[in-house]
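Each residue of the sequence shown is one higher than the one before, counting from 90 in my numbering.
Note that the Cβ used here is the ideal one computed from N, Cα and C, for glycine as well.
Working notes for the structure below.
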Amino acid sequence: MNDNDIPDGTQHPDSRLTADSSESVGLSGFHGDINELYGHEQAYRHLHTLLTDLGERKLYDAAAQCNRCGYCETSCPTYMLTGRETISARGRNQFLRMLVEGQAKDAGAAAEAFSTCLLCGACSSACYAKVPTPDIVLEGRRALQGYGDNFFARAAINTLLNAPAVFGFWLKLAYLAKKTGLPKLAAKMGLYDFLGMPGLVEAEGAVKHVPLHFAAEILRRDPDLEPGTKHAVNWAYFAPCGPNYLFTEVALATVRVLKKYSGEGIFAENLCCGLMAHNYGRIEDAREFARRNIVRYEDLKARFGDFPLIADCSSCAAFMKAYEQLFTADPEWRPRAKAFAAAVRDILEFIPPEKAGSADPAALEKAGRVTYHDSCRACHGQGIRREPREVLRALAGKNYRELPESDWCCGGAGAFAFTQPEISKKVLERKLRNIASVQADTVVVGATSCLAQINSGLREAYPSARAVHYSVFIDAVTGKNGQ
Ligand code: SF4
Ligand code: SF4
C-alpha cells in the first residue's frame, strides 16, 4: 500500500493484526457479490446494516458514501501523526471498498489500517456525509481471521455474561495480587488471560488504586436505591464496567449527584452493556448482553413507568444509544432496542446547567484551574459538548479554561493504549501538551478509559495535574457548602 496515495495493496512490514497472539490473521474471504466482505456462514459475526445519518445502509454502501474529499484528514489523529493516507479515515473507507470489490490483495495492510483506528469518530464529526468510519472499521476487523476468537477473551465475555459473580471473583484475585505487589505472579497464574481483557497487565499498571468492593455490591446495599414500595422514580443508574469494576468512586459519586439533582432513583442491576464483546469481534455476545439489559429495563419500566437510564461512561452510553443497530434484521428486538436506547442518558447531559448551583469555595480552590476534555464517545458519539461545559462554567467560574483541541482523542480508546502503544503514546502526548498549555490542575472527563489514560500520562509528564470524572468533580465541589 502506498501511504501517499489511496490504498493499492502494497505490503507493510508491521502490518499484521494479532487478534490472538498465537495466530496471524488474514481475511476470511471475499466474494463476488459487491456487498459481501464475508461469506454467509460468517454473517452472524457482523452487523446486518448500518444506521447512518443518511439512512440505513449495507456496509459497502455506507463506505461508498465517502467521496474521498479529504475534509476529515486533519481531524484524524492517526493521519495527523503519521501523514500516512492508509491510516486515515479516507484510506480506511477506501480500503474497505476495495476489499469488498476484491481489488485489494494485501490482508496485512488491511489489518493494519483497521487495527490502528482509534474508533474516535472525529472523522465522522468533520464529514458532511457523516460517514460512520468507526463502524465500517469494526466491520473490517470482524472479517479478519482470528478476530474475536481468542479463547481467553471468549471465556471472559462468556463468564461476564452468564456468571458475573465468577468474573468478579477472578477480577478481585487479580486486584489482590496487585495490592500485594504481585501483579507479575497474577499474570503468570493466567489470571489476566482468564479475564481476557487485552493488555490488562499493562492496563492495571495504568491505574493506581483498585477496589476490592465493586460499585454494584455497594449500591445494592444502599437503602435509598431500594425499589421497595416506590411507585415512580426520576432515574435509574446503569453501572458501566469501568465505574463498577475499577473506578468505584465514579459510580458512587454519580449516584450521589443524581440524588442531589434529581431526587428519587434506583440502581438498574444491569449487566455489562456489551461494548467489549462488540468491539472485540463477539457480536452475538454483544446482542445477548443487550437483550438482557433491555429485558431488565422493560421490567423496571412496567413497574415505574418512563424514567431515564443514566450511565457514567460515555463509551457505554454511546453504545447503548446505538443498540438498534445490533438488531436491524430482527423485527422482534429492533423496536425494543430502539425504545431502550431512547431512555439512555449520559450523566454529562443530564444535569441542567441552570440547576448546577454554586460551588464550595474551598473545594474549588483545591481543584485549581479546571478544564474539560471531550471524551470521543461523548462529543463524536453522542454530540454532547455544550451541557457539561455550561455546568462546569457555572460551578468553576473564572477557574474554568477551555482546552485547546479538547476533542482530540487521548489515545485511551478502550484497550487501544495497550494494543497500539506507540500510536497511543503519541496521541496522548499532544493531549498532555494542550493540558499544560492552559496550566490546568484538574482535567474533567466523562469516560473511564480517558480517566486511566490521561492520568497515567499526567503522572509522568505533569504530576501537579490530575484527571477526574465529571461526577466526581461535581460531587466534590457541590459538597456541604455547595448546592
Ligand atoms: S470520510 Fe467524509 S470527510 Fe472524510 S474523505 Fe470521506 S467523505 Fe470526505
Ligand atoms: S475514527 Fe478516529 S482514528 Fe479512526 S479514521 Fe476516524 S478520525 Fe481516524
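For the region 481-492 and the region 443-451, state whether three or more C-beta atom pairs, one from each stretch, are separated by less than 8 Å.
-> A contact exists between the region 481-492 and the region 443-451.
What runs of the beta strand (DSSP E), each 3 residues or longer, lie entirely inside the region 140-212?
-> 144-146
Drop a sphere of 10 angstroms on the beta-carbon of Gly144, count the other beta-carbons inside from all chains shown, and report buried for 16 or more, exposed for fewer.
-> exposed
C-alpha gap between Arg536 and Ser464, whole angstroms | Just to set this straight, residue 536 is Ala in the shown sequence, not Arg. Roughly 6 Å separates the two Cα atoms.
For Gly210, verify whether its CB is less than 7 Å away from any heavy atom of ligand 2.
-> yes
Cβ-based neighbour list, Leu301, same chain, cut-off 8 Å, excluding 5 preceding and 5 following = Lys261, Tyr264, Leu265 and Lys268
Assuming Ile436 and Asp401 make a contact with CB atoms under 8 Å, what is their CB distance in whole Å?
-> 5 Å
How about Leu188: is its Cβ closer than 7 Å to a heavy atom in ligand 2?
-> Leu188 Cβ: outside cutoff for every heavy atom of ligand 2.
Measure from the alpha carbon of Leu492 to the alpha carbon of each residue in Ala502, Gly501 and Arg474, then state which is nearest.
-> Arg474
Candidates Asp150, Ser553, Ser177 and Thr171: closest to Cys158 by CA position | Ser177
Is Asn156 near ligand 1, with its Cβ less than 7 Å from a heavy atom?
-> Yes; taking the cut-off as 7 Å, the Cβ of Asn156 has a heavy atom of ligand 1 nearer than that.
Where Val322 sits in the DSSP three-state scheme | coil
Give, in chain order, every unbroken run of the alpha helix (DSSP H) that is at least 4 residues long and sits entirely within the region 406-474.
-> 422-432, 436-439, 450-456 and 465-471
Opening and closing residue of the alpha helix (DSSP H) in which Val516 lies = Val516 -> alpha helix (DSSP H) spans Pro510 to Ser526.
Coarse secondary structure for Thr138, derived from DSSP in three states = coil
Length at least 4, wholly inside the region 326-379: the alpha helix (DSSP H) runs in chain order | 337-351 and 364-368
Could you check if Tyr236 is buried or exposed, using at least 16 other CB atoms within 10 Å of its CB as the buried criterion?
-> buried
Determine the direct distance from the alpha carbon of Thr460 to that of Tyr334, and round the result to whole angstroms.
-> Using only the alpha carbons, I get a separation of about 26 Å.
Any heavy atom of ligand 1 within a distance shorter than 7 Å of the CB on Ala172?
-> Residue identity check: residue 172 is Gly in the sequence provided, not Ala. No, the beta carbon of Gly172 sits no closer than 7 Å to any heavy atom of ligand 1.
How about Cys161 and Cys212: do their beta carbons lie closer than 8 Å?
-> yes
Around the Cβ of Thr318, are there at least 16 other Cβ atoms within 10 angstroms (buried) or fewer (exposed)?
-> exposed
Closer than 7 Å: is that where the CB of Asn333 sits relative to any heavy atom of ligand 1?
-> no
Assign Val299 to one of three DSSP states: helix, strand, or coil.
-> coil
Taking only the alpha-carbon atoms, compute the straight-line gap between Val339 and Ala193 and give it to the nearest angstrom.
-> 45 Å
Assess, as a yes-or-no matter, whether the region 536-554 is touched by the region 415-426 under the definition of 3 or more beta carbon pairs within less than 8 Å.
-> No: fewer than three Cβ pairs fall under 8 Å.
Going along the chain, which unbroken runs of the alpha helix (DSSP H) with 4 or more residues stay wholly within the region 211-252?
-> 211-215, 222-231 and 240-251
Using a Cβ-Cβ cut-off of 6 Å (strictly less than) and excluding sequence neighbours within five positions of Cys361, which residues of its own chain qualify?
-> Leu249, Cys330 and Phe378
Please state whether DSSP places Thr537 in a helix, a strand or coil.
-> helix
Check whether the Cβ of Val533 lies closer than 7 Å to any heavy atom of ligand 3, and answer yes or no.
-> This structure lacks ligand 3; the ligands present are ligand 1 and ligand 2.
Exposure of Asp374, with buried meaning 16 or more beta-carbon neighbours within 10 Å = Asp374 comes out buried.
Hey, out of Lys219, Ser214, Leu207 and Thr175, whose CA is closest to Asp195's CA?
-> Cα-wise, what sits closest to Asp195 is Thr175.
Under 8 Å between the Cβ atoms of Gln471 and Lys410?
-> yes
What's the gap between the Cα of Ala254 and the Cα of Ala304?
-> 13 Å
Under the three-state reduction of DSSP, which class applies to Tyr489: helix, strand or coil?
-> Three-state DSSP puts Tyr489 in a strand.
How many angstroms separate the CA atom of Asp530 from the CA atom of Cys206?
-> 30 Å
Say whether chain D places a C-beta atom closer than 8 Å to the C-beta of Ala152.
-> No chain D appears in the structure shown, which is made up of a single protein chain.
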